[in-house]
Structures are given as C-alpha cells and as structure tokens.
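Enquirer: Numbering (our numbering), first residue to last: 6 to 129.
Glycine included, C-beta positions come from ideal geometry on N, C-alpha and C.
Here it is, the structure in full.
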C-alpha cells in the first residue's frame, strides 16, 4: 500500500538486541490530506528513511504493509513502512507541506433529458 501524508511528529528511536543482532525502530506520526484528515502512526524498521527525510512538515511518500496479530485474545495492528521517500520538499510560509494541485477543468454539465415540464423533472 502507499500513502502520501505530512509528517507531524517523530517519536524517539527504539533499539534492542534480538536473535539476529541489533534492531532499530523509528515511529512517526503522519497526517493525511482531505476533508477529514487522519493521523497514522507508522513504524520504520532499520534504516529505511534518512534523518533529512524525517523533518516535521515534509510531505512523505510512504510504502507500507498492514499486519495484525493476536496476543492473549486481543488483536494488535502494525503499520510497517518498507520505503519512505520525500514526496515534496517543504515550502516556507503558511502552506508549508501542503500539496499544490494542478488546475483541473471542471467536469461537463449534466445532460439535460429535457421534458420541459418543471413540475415533473425526473428523467423516468
């Protein structure tokens, strides 16, 4: 799956030792764009993203997998990034990190099935 979102928080790096050696996990919180923005916490394992990419306000292009697992009768869901790139460099000012969409032409006007009778304007 893929998501383009604005980085709003970088959580502390977590490290540890496992059977395969040392591991490193960086959790970040991103916010989607749109009428109803959503915040998503994404885990980045290893060195999948550089510090220069993980700057607050950057728009990130994140490729990720969603995985759930059961533990003691409860289900837990992880969002794990496998690739993190800069979608668009941050721009200064009030629109920092907000995408600039290309000017699009409006869709064509709906077809007029005209019957001329305004009291019964249903097409069937």
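(1) Pick helix, strand or coil for residue 82, following the three-state DSSP scheme.
(2) Excluding five sequence neighbours on each side, which residues of the same chain lie with their C-beta closer than 6 Å to the C-beta of residue 19?
(3) My output table needs one value for residue 75: the three-state DSSP class, helix, strand or coil.
(4) Tell me whether residue 49 is buried or exposed, calling it buried when 16 or more other Cβ atoms sit within 10 Å of its Cβ.
(5) Per DSSP, which residues does residue 48 bridge with? Please list them.
(6) Would you kindly work out how many angstroms separate the C-alpha atoms of residue 47 and residue 39, rounded to a whole number?
(7) Candidates 115, 23, 36, 24: which alpha carbon is nearest residue 65's?
Expert: Here's the rundown:
(1) As a working note, residue 82 is residue 77 in the chain shown. Residue state, collapsed to three classes: strand.
(2) In the chain shown, the residue the question calls residue 19 occupies position 14. Sequence-distant partners of residue 19 (beyond 5 residues in either direction) whose C-beta falls short of 6 Å from its own C-beta, in its chain, are 30.
(3) Translated into positions along the chain shown, residue 75 becomes position 70. Strand, per DSSP.
(4) By 1-based counting over the chain shown, the position of residue 49 is 44. Burial call: buried.
(5) One-based indexing of the chain shown puts residue 48 at position 43. DSSP lists 32, 85 as partners of residue 48.
(6) Here residue 47 is taken as the residue at index 42 of the chain shown, counted from 1. Here residue 39 is taken as the residue at index 34 of the chain shown, counted from 1. Across the structure, residue 47 and residue 39 are spaced so that their CA atoms are roughly 19 Å apart.
(7) One-based indexing of the chain shown puts residue 65 at position 60. That would be 36, whose Cα lies nearest to the Cα of residue 65.
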